[in-house]
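**Student:**
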Amino acid sequence: MGDARHWADEVAAEVLARGIRPVISTGISPSGEIHVGNLREILTGDAIYRALSERGAPVRFHFVADDLDPLRRVYPFLDPQRYAGQVGRPLCTIPCPCSRHASYADHFLEPFLQALERLRVDVEVIRAADLYRSGRMDAAIGTALAARETIAAILRELTGKPVQPDWSPLQVCCTSCGRLDRTRVVAWSAEQGTVAYRCACGGEGSLDFAHAGKLTWRVDWPARWWALGVTVEPFGKDHATRGGSYDTGARIAREVYRFEPPYPVPYEWIGLRGQGDMASSKGNVLSAHQALEIAPPEVLRYLVLRERPQRAITFDPGLGLLRLVDEVDDAAARGRDERALQLSRAGGFRPVGVPFKHLVVVAQAADFQLDRVMEILERTGYPGVDREAVEARLGYARRWLERYAPEELRFTVQASVPREAVASLSRAQRDFLERLASRLESERPPDGERIHALVYETAKQVPDLQPAEGFQAIYLALLGKTRGPRAGWFLAVLGTEACAQRFRQAARAAG
853 MGDARHWADE VAAEVLARGI RPVISTGISP SGEIHVGNLR EILTGDAIYR
903 ALSERGAPVR FHFVADDLDP LRRVYPFLDP QRYAGQVGRP LCTIPCPCSR
953 HASYADHFLE PFLQALERLR VDVEVIRAAD LYRSGRMDAA IGTALAARET
1003 IAAILRELTG KPVQPDWSPL QVCCTSCGRL DRTRVVAWSA EQGTVAYRCA
1053 CGGEGSLDFA HAGKLTWRVD WPARWWALGV TVEPFGKDHA TRGGSYDTGA
1103 RIAREVYRFE PPYPVPYEWI GLRGQGDMAS SKGNVLSAHQ ALEIAPPEVL
1153 RYLVLRERPQ RAITFDPGLG LLRLVDEVDD AAARGRDERA LQLSRAGGFR
1203 PVGVPFKHLV VVAQAADFQL DRVMEILERT GYPGVDREAV EARLGYARRW
1253 LERYAPEELR FTVQASVPRE AVASLSRAQR DFLERLASRL ESERPPDGER
1303 IHALVYETAK QVPDLQPAEG FQAIYLALLG KTRGPRAGWF LAVLGTEACA
1353 QRFRQAARAA G
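Residue numbers (my numbering): 853 to 1363.
1) Using the Cβ count rule (16 or more neighbours within 10 Å means buried), how would you classify residue 812?
2) Could you compute how far the alpha carbon of residue 919 sits from the alpha carbon of residue 939?
3) Using a Cβ-Cβ cutoff of less than 8 Å, which residues in the same chain neighbour residue 931 once the five nearest sequence positions on both sides are dropped?
4) Measuring only the C-alpha atoms, how far is residue 1334 from residue 1167?
5) Run the CB neighbour count on residue 1051, radius 10 Å, all protein chains shown included, and call it buried at 16 or more, exposed below.
6) Please list the terminal residues of the continuous alpha helix (DSSP H) segment that includes residue 1273.
7) What does the alpha-carbon distance come out to for the pair residue 1123 and residue 1164?
8) Does DSSP classify residue 885 as helix, strand or coil?
9) Would the beta-carbon of residue 1214 fall within 8 Å of that of residue 1237?
10) Provide the residue span of the beta strand (DSSP E) that contains residue 1127, from first to last.
11) Please state whether the Cβ-Cβ distance between residue 1084 and residue 875 is less than 8 Å.
12) For residue 1086, does the three-state DSSP call read helix, strand or coil?
13) Do residue 1293 and residue 1359 have their CB atoms nearer than 8 Å?
14) Is residue 1343 buried or exposed, if buried means 16 or more other CB atoms sit within 10 Å of its CB?
15) Restricting to Cα atoms, I'd like to know which of 1078, 1211 and 1041 is closest to residue 1231.
16) Between which residues of its own chain and residue 1013 is the CB-CB distance below 8 Å, once the five residues before and five after are set aside?
17) Report the partner residues of residue 1117 according to the DSSP bridge assignment.
18) Going residue by residue through the segment 987-1038, where are the continuous beta strand (DSSP E) segments of at least 3 residues, counting only ones entirely within it?
19) For residue 1150, is the classification buried or exposed, using 16 other Cβ atoms within 10 angstroms of its Cβ as the cut-off for buried?
20) Assuming residue 1270 and residue 1332 form a contact by the criterion Cβ under 8 Å, report the distance between their Cβ atoms to the nearest whole angstrom.
21) With DSSP as the reference, identify every bridge partner of residue 915, one or two as the case may be.
22) Is residue 1061 near residue 994, with beta carbons less than 8 Å apart?
23) Within 10 angstroms of its Cβ, does residue 1267 collect 16 or more other Cβ (buried), or is it exposed?
24) Give the range of the beta strand (DSSP E) segment to which residue 1047 is assigned.
25) Specify whether the segment 1107-1122 and the segment 1032-1049 touch according to this definition: at least 3 beta carbon pairs, one from each stretch, less than 8 Å apart.
26) Is residue 1348 helix, strand or coil when you go by DSSP?
27) Identify whether residue 1060 lies in helix, strand or coil by the three-state DSSP scheme.
28) Which stretch, first to last residue, makes up the alpha helix (DSSP H) that contains residue 1312?
29) Roughly how many angstroms separate the alpha carbons of residue 1153 and residue 873, rounded to a whole number?
30) Quick check: what's the CA-CA separation for residue 1024 versus residue 1064?
31) Could you give the DSSP three-state label for residue 1220: helix, strand or coil?
32) Verify whether the separation of the beta carbon atoms of residue 1216 and residue 1263 is less than 8 Å.
33) Per DSSP, what kind of secondary structure is residue 1333 in: helix, strand or coil?
34) Does the count of Cβ pairs from the segment 1273-1280 and the segment 1247-1257 closer than 8 Å reach three?
35) Measure from the alpha carbon of residue 966 to the alpha carbon of each residue in 1145, 1137 and 904, then state which is nearest.
36) If I measure Cβ to Cβ from residue 855 and keep anything under 6 Å in the same chain, skipping five residues before and after, which residues do I get?
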């Protein structure tokens, strides 16, 4: 059972109790593949947005794409020769890795924004470059420059790190080399809204605030809260540590910009099973758009929303995904969180009512032919299921099989006896197949459980045969390999008459 009250409802109640208009902000730097782990921030914000909207609150929700962030290093997924000279430049000014997008930032942002559309996340997208260049950050820049000493003292106190004498809260982008990380502010004028700089490359000049560059991260965040009126923000646990970005941001908000910082919603990471926390810089990711190729939108939303933000999530794109799909699909699923599911509804989801693992087996047995799939489902205990819903789910099944299925669930039913494979069958295994064929023909077991029991019963009747050897004989005769789906249900899917005929053929071909 889920919590009696969902965490998004708890946050919504606390935010409304503050008596301020809720403005939810999320964001990311598009420096690499935007992955399922990154989705936690925006889906957390979306759940709070939905909970507040249900209460009639005039809530706003936006996503800031920090495309002014500089490229910090040449990541493993980048061509060193092409990108070594781009380090320090804003992501929106760097060439696209595939040459099909307007910039490096767009290369990673566009598929993510498309994924958000599929997830039905109704969010206002704000690009940092547009935010600064529009002049909306001018007042925040002037305020930060004027409060340089106050900000430096906050950073020293909370981080324990020294602040260099020439440090400035504003990173100016050099017009000569295009870099943000090598410039030094030498003068500025709040009245004129300009800043003068010198760069390590030898470049120098004067720029207006709107086109100068961007504030450093620990200043940019509270400045953005102030400029956009943010009152609620989810963020990763790294920002929530003592002396981290939220602590310094809260102090800067209060002491420099003179407003209360947003209600914080820190969240834990999402990891990939067997690989640890997802990280774009390390290439340990499953991108949001790739995840949506193997799982319906509601399933990904539910993955995040069924857990409190403070709890870590491990995403298993293998067998774990099958169980997750079934939890969303089956109204009687054990442990299902109905409120999380309600907040996960993205529109267009049509439950199938067939366990995904069973559908994966049926799809392969039917060679993904929809008419055959429907006939097998009817025969194996799932009559009257929604044909269009099944068709949609088959697409997910095919892609999941190609990319993440364990070997025993991935198979091709051989069109005829695989003679090379069955040549290895022992005399006892051949005897077993003959006996099993007769039992299947005479008893016609009605379901997979009965067939599975029948396999064991038949194996015990054959001298010098271990049950495991009997199952191997079944898979060799049908698939040409020694492992496959759970035998009883598999034979029920294929049909007992067809299986009996194949077993006799295999036993005689081996002999």
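The beta-carbon is built from N, C-alpha and C at its ideal position, and this holds for glycine as well.
Bear in mind that the values here come from a model prediction, so they are computed numbers and not experimental data.
**Tutor:** Let me spell this out:
1) Given that the chain is displayed from residue 853 to residue 1363, the structure contains no residue 812 and the question cannot be resolved.
2) Roughly 14 Å between the two C-alpha positions.
3) Cβ neighbours of residue 931 beyond the five flanking positions: 949.
4) Here the alpha carbon of residue 1334 sits roughly 29 Å from the alpha carbon of residue 1167.
5) The residue in question, residue 1051, is buried, as its Cβ has 16 or more Cβ neighbours within 10 Å.
6) Segment 1271-1274, the alpha helix (DSSP H) holding residue 1273.
7) When the Cα atoms are used, residue 1123 and residue 1164 turn out to be separated by approximately 8 Å.
8) Residue state, collapsed to three classes: coil.
9) No, the Cβ-Cβ distance between residue 1214 and residue 1237 is not below 8 Å.
10) Secondary structure note for residue 1127: it is in no beta strand (DSSP E), with a DSSP letter that is neither H nor E.
11) Yes, the Cβ-Cβ distance between residue 1084 and residue 875 is below 8 Å.
12) Secondary structure at residue 1086: strand, using DSSP grouped into helix, strand and coil.
13) Not closer than 8 Å, so no.
14) Residue 1343 counts as buried, since at least 16 other C-beta atoms from the protein chains shown sit within 10 angstroms of its C-beta.
15) Measuring from the Cα of residue 1231, the nearest candidate turns out to be 1211.
16) If we look at residue 1013 and ignore the five residues flanking it on each side, its Cβ neighbours are 1007.
17) The partner list for residue 1117 (beta bridge, DSSP) reads 1086.
18) Taking only runs of at least 3 residues, the beta strand (DSSP E) segments lying wholly in the segment 987-1038 are 1022-1024.
19) Buried: at least 16 other Cβ atoms inside 10 Å.
20) Right, the Cβ-Cβ distance comes to about 3 Å (below 8 Å), so this counts as a contact.
21) In DSSP, residue 915 forms a bridge with 878 and 977.
22) Taking 8 Å as the cut-off, the Cβ atoms of residue 1061 and residue 994 count as close.
23) Of the residues assessed, residue 1267 falls on the exposed side of the cut-off, its CB having fewer than 16 other CB atoms within 10 angstroms.
24) 1046-1051 is the extent of the beta strand (DSSP E) around residue 1047.
25) No, because fewer than three Cβ pairs between the segment 1107-1122 and the segment 1032-1049 fall closer than 8 Å, the two stretches do not touch.
26) The three-state reading of DSSP puts residue 1348 in helix, counting H, G and I together.
27) Of the three classes helix, strand and coil, the one that applies to residue 1060 here is strand, per DSSP.
28) First-last of the alpha helix (DSSP H) with residue 1312: 1300-1312.
29) Computed Cα separation, rounded: 26 Å.
30) Straight-line measurement puts the Cα of residue 1064 at about 5 Å from the Cα of residue 1024.
31) In the structure shown, residue 1220 falls within a coil segment according to DSSP collapsed to helix, strand and coil.
32) It is a contact, given that the beta carbons lie within the stated cut-off.
33) When secondary structure is reduced to three states using DSSP, residue 1333 falls in the coil class, being assigned neither helix nor strand.
34) Cβ pair count under 8 Å is below three, so no.
35) Comparing Cα-Cα distances from residue 966 to each of 1145, 1137 and 904, the minimum goes to 1145.
36) In this prediction, residue 855 has a pLDDT of 45, which is less than 50 and means its spatial position is unreliable; what the coordinates show is noted afterwards. So no residue of the chain qualifies.
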